[in-house]
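Student: Residue numbers (this note's numbering): -11 to 158.
Using N, Cα and C, we set each Cβ at its ideal position, and we do this for glycine too.
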């Protein structure tokens, strides 16, 4: 395929990702918002493929689409108050969101202009990227990896404590 074909496909997936993300934020129906999140996650996975980050693309699909989105949809669909036709979410706090948006765009532009752009270095990795990620995780980043695992374990214990049925009255 030619270079222009890749460019057109990239912009198509970028447009799908941005439009579906905007629909997630601005729609008032929670079900529609959750379903449009599906297109956002798949669009991000496709952009990872264009960045030659196949492992991240597969992880995006498995973790976010396969796990979090399905859990979110089941939670939304099994909640009785959300299934009422009159139940709508309100878009509020537009001014703080706009200030945050301007700040993030300013930060990205500052980074772009002070770091000589976002140009690729031209170095290629040797071997499997999954092997490299595993090596880096278990050698240089083993302490942060273990700290995150302890934090997730504490969150799991806290969630189980809060969700138990035999709560005592004080």
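Measure the alpha-carbon distance for residue 27 versus residue 124 and round it to whole angstroms.
Tutor: Cα to Cα, the separation comes out at about 31 Å.
Student: Take the Cβ of residue 31 as the centre, count every other Cβ of all protein chains shown within 10 Å, and call the residue buried at 16 or more, exposed below.
Tutor: Counting Cβ neighbours within 10 Å, residue 31 comes out buried, since at least 16 surround it.
Student: Would you report the Cα separation of residue 3 and residue 149, rounded to the nearest angstrom?
Tutor: Each residue's Cα considered, the two are about 43 Å apart.
Student: So, with DSSP's three-state summary, where would you put residue 15?
Tutor: Residue 15: coil per DSSP, three-state reduction.
Student: Reducing DSSP to helix, strand and coil, say where residue 2 ends up.
Tutor: Helix.
Student: What's the call for residue 52, buried or exposed, on a 16-neighbour Cβ count within 10 Å?
Tutor: Counting Cβ neighbours within 10 Å, residue 52 comes out buried, since at least 16 surround it.
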